[in-house]
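Number 1034 in my numbering belongs to position 471 of the sequence shown; there are no gaps in the numbering. C-beta: ideal position from N, C-alpha, C; glycine also.
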Amino acid sequence: MASSTSVSSFAGALESLTRVKIGELARRRTIHDRESAALLATLSNLPTYREKLETLLSTLKDKKLRESIRPSSGLHLMQFLVAQGPWDTSLSDEFFKEKFDEIFKGVEQGGNRARFAQLFGAVIQEWMDMEGADEKEAVPGCNTDERPEKANQREILEGYMWENKGVQSDINGFRDLLSEVFGQPTQDDANVAIAEAEKDDVEMVDSSEDQFDDIIAGFERHAKKKLRSNEGQAKLAAKKKMADFIAKVREDMEKFSESFFDTYITAEHVEQAIDACLSYDSLTMEQQRAAREIQQSEKIMGEIASVMMLTLRDLKSWEWPEQGVQLYMRRHLNGKYRCFFEQDMITLIFLQFVGLRFGNQLKLNLRKVVDNGWDWGASDYLSKAELLRRKKMLLEKPTASTQSNVAVDSILGKRIKDLQENYICSALPDFNHITAYGDTSKEGLLPRVMQLKQGVLRRLLTDIQYIHATEPEATVTVATADALNFAPSLPHDIALEAMRFFGVTGVWLDFFSKVIGPPAKFADQTVLRHIQRGTPTSQALGYTMGEAAFMALDVAVNQRVSGLKWYRQHDDIWFWHQDQAKVDTAWKIMQQFANTCGFSWNETKSGSCKILSKKTLDESLDSVSGQKIPGSSQLPQGHVKWGLLELDSTGRFAIDKKLVEMHTLELKERFKKPHSTLQFIRAYSRYMNFFTRNCAQTAVVFSKSHVENLLKTLKTIHDTLFPDHSSSFLKLISSTLHTRFPHIIPSNTPIPEGWLTLPLVFGGLGIPTPMLETYAYLHNFRNNDASEYALYHPSYVKNQGSFTRCLKNELQLYQKSREAWETMSTYPADASIFPRNPVSQRPYFMSFEEFIRARETQTIYWAKTYDHLLSAAKPAPAEPTDTKTINEWLRMFPDVEGYSCVTTLGGRGSLGELEFPWNWWVVTYAPQLDRVFGSMTVLDSWMTLGGMVEKIQERAVKFDL
């Protein structure tokens, strides 16, 4: 496999090649300046522009300057005209001046390209010269980070690992819980169902000609009683179905455990495992480079696969090496430290491979739980009779069903699909999305975990708006909880018992026990000690064990708290309901579960919020705006937070200004330290990415005001960071370049913003433009009489603007359907389903109450609005204001392979086909680059520094801030 020596050799060769190219960039700038100075001296002595043009064209025959001229300049035609000049009196000197200025502009643009190409090279070289110091910080055990938070967090983690401190688990209680939620229904379950069905027992009212309301009311009371009885039976059936399903899961996992030993491990498996290692951020910097080198060689991956096969065949004798595992702490941008294992590459890849396979298998099985006894708790489930009556009476017909009484295209139908595909075992990988819970490497996309978390925020806000529209007097109680140090504190007996319960067999359980309990020490320790509790951080196996344990909580809450909105992402849980008691009950179950499993909930990251009713907000919005009213005293009393957002009692997320200020000041302190220009830029880039992502990706349901607040926040951040540079990071970097490289870029030479923001691969500095990108969304929002959530976008449908509009739509549909029903000539004969007027014998049309009961389970237009509000907002289309066409600008980009946006920026598309934000970037900065450089790059295609740029971008992602 790739050794550290080969990695160092590769890095050395790359650095040498880069320095040669940087030297060539400086040499070409020197040649251009010398040649152009000589040319200017010659031209100044010539009396006419025809002579000047003739001299200029003659000089440009030398390749040293001709390389500065764009191919479209038409030099051959100019030479023909110059030769014609002495004989053709119609060609005035003014004519030749115009042609001279056109050609000489190319020379000046070539000089600008040479100057900024040299500056680009100098910036790259500056970064390379400072690389050594950074590299030492990336080595575990050599980090100079002495923050007190690191020491405090390490002390806590060592208490878990070495002394088994923390909440002690109740393994027998956990086994009882598994049997209770996944076992067959008992007589006690049946008694509860019977008692529920007997509640509020009333007799049907006799019908008579003048008792239409009483007839319908009596019919509905009878239907509700029957429905309660059916619900009780359904719960018993659901529990049995769940038990049968889990029995099948266990059987499948047992078979999988045994058949795993016959797996033929291939190079493709190795590549998947390496992808996961990179995605889960479990490699040191040196290992990352080695991993990417390994992926370039099919032969090396094949050899690793053969070694992994030997390990698999002799799994019983597998042990950690005698020297044990070295532990090291790593800080993330949010300030939290995590403990990582430093392992050899073969072991790391093998363990990741095993974790991926078991995690994938468990996910494939358990995600089907929503189809096997899951209680969706819809308040508007319809009986078969009601569904038949609805089908006959309404003009809008239901679609096919996911369950007998839930339409696929209804709100609930969409929730079922969403939970199954995205939120059941969301921390576990599948082989269609190997980076399920890690970072994504594709530039511009949110990591999968962040996409899912922001999806929960959207669903919460959409549900609040739905409840405000349909139940204007109802409040909503929202609660959130995060496990305190879940992975490092999870007791081994609970983790292994969860895996055993779901069918993992003995040999694998013994192996997993060794994996999670290695002999280990930190770099400053001498004695190896076996880890007594906790699962590996950022490894698929650790997530698999955690998900197996948490599945019992998911099902327990679902069985005992009907209708609760419940979204769990590993150890981070959000739940809400109109009924305060249901939220309280769920929290009580969560506390019992934590006590049983031996962990606790993080008080600082858990909280609750009472969302006021629509009626209250209409009456006193100004007085309650910004208030954060907690839920009942039984719930956690902290604020409901995510990222940099806080939920208030109006049902809106506000940006936490204090938290933003804290991170801003941290970045300001970082800018005071001496670093290379590119290190400043990547620190800025990473923080801006952090700020914008943690204020949530713009969605329709967040509304225009959220985008406005994000822009105000970004403006405040820049005011704080760059008060001496007009609140502009671009001006700060321009000033820095003038100071550090005065021999290249004197202080009186302006630096184009387009070059500063041009991607590194094209010879710019790649500074992000968060304000420009955010404003593109604001520009697309509008207010109208339908809803503030409407967008200037072709996909916006007027009837999907808001749930308030749905109320109007359903009243119109009800009236039209009733009119159509009452004019029918023949009617269904079954009087038990269609109660009749005793005089006319015409069946009564359903009541409006019955009609609206199916909003969540059957009505399609409500679901369309639900989808619309959940959808991501669209940026406004970029509209060019320059006379040059977009395609002309695009053709000025070189085709540089390996860059993520090259296929769209390489001159093969139109503005409408460009990825956002590049379409806005082109419209904003392309005219300037065209004017200054005559090109969209300062580098020739053969002079790009792709290898070093890739290295810089990798380091930018991993740089420990």
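What does the Cβ neighbour count give for residue i, buried or exposed, with the cut at 16 atoms within 10 Å?
i: residue 838; result: buried
i: residue 640; result: exposed
i: residue 635; result: Because the pLDDT at residue 635 is just 48, under 50, the model does not fix this residue reliably, and the value given afterwards should be weighed accordingly. The residue is exposed, with fewer than 16 neighbouring Cβ atoms inside 10 Å.
i: residue 1261; result: buried
i: residue 1318; result: buried
i: residue 583; result: exposed
i: residue 1144; result: exposed
i: residue 1184; result: exposed
i: residue 1348; result: Legend: pLDDT at residue 1348 = 34, less than 50; position of this residue unreliable, no value from coordinates given.
i: residue 824; result: exposed
i: residue 1089; result: exposed
i: residue 1199; result: buried
i: residue 595; result: buried
i: residue 851; result: buried
i: residue 1442; result: exposed
i: residue 1402; result: exposed
i: residue 827; result: exposed
i: residue 1305; result: exposed
i: residue 769; result: With a pLDDT of 44 at residue 769, under the threshold of 50, the modelled position of that residue is not reliable, and no figure is offered here.
i: residue 1393; result: exposed
i: residue 1512; result: buried
i: residue 597; result: exposed
i: residue 1358; result: In this prediction, residue 1358 scores a pLDDT of 34, lower than 50, which makes its location untrustworthy; no coordinate-derived value is stated.
Helix, strand or coil: how does DSSP classify residue i here?
i: residue 1212; result: coil
i: residue 1003; result: Low local confidence applies: a pLDDT of 38 at residue 1003 is under 50, so the model's placement there is unreliable, with the coordinate-based value given in what follows. It is coil, neither helix nor strand.
i: residue 1340; result: helix
i: residue 1174; result: strand
i: residue 578; result: helix
i: residue 1416; result: coil
i: residue 764; result: Unreliable positioning characterises residue 764 in this predicted model, as indicated by a pLDDT of 45, which lies under 50. The coordinate reading is nonetheless provided below. Three-state result, residue 764: coil.
i: residue 1073; result: helix
i: residue 1396; result: coil
i: residue 1481; result: helix
i: residue 1164; result: strand
i: residue 725; result: helix
i: residue 1425; result: helix
Give me whichever residues DSSP pairs with residue i in a beta bridge.
i: residue 1135; result: 1045, 1132
i: residue 905; result: 889
i: residue 1085; result: 890
i: residue 900; result: 894
i: residue 1093; result: 1082
i: residue 1140; result: 1040
i: residue 825; result: Partner(s): none; residue 825 has no beta bridge.
Please name the residue in the options whose C-alpha comes closest to that of residue i.
i: residue 580; options: 1126, 1515, 1508; result: 1508
i: residue 1334; options: 1402, 1438, 673, 844; result: 1438
i: residue 644; options: 620, 624, 667; result: 620
i: residue 1063; options: 954, 819, 835; result: 819
i: residue 869; options: 904, 914, 830; result: 830
i: residue 1426; options: 1336, 1321, 1111, 971; result: 971
i: residue 821; options: 854, 875, 798; result: 875
i: residue 1275; options: 1224, 1132, 1236, 1366; result: 1224
Would you mind stating whether residue i and residue j have Cβ atoms separated by less than 8 angstroms?
i: residue 968; j: residue 804; result: no
i: residue 1035; j: residue 1173; result: no
i: residue 690; j: residue 1515; result: yes
i: residue 1170; j: residue 1203; result: yes
i: residue 1496; j: residue 675; result: yes
i: residue 1065; j: residue 919; result: no
i: residue 806; j: residue 746; result: yes
i: residue 1109; j: residue 1049; result: yes
i: residue 1320; j: residue 1484; result: yes
i: residue 1416; j: residue 945; result: yes
i: residue 1207; j: residue 1258; result: yes
i: residue 836; j: residue 915; result: yes
i: residue 981; j: residue 1128; result: no
i: residue 1125; j: residue 940; result: yes
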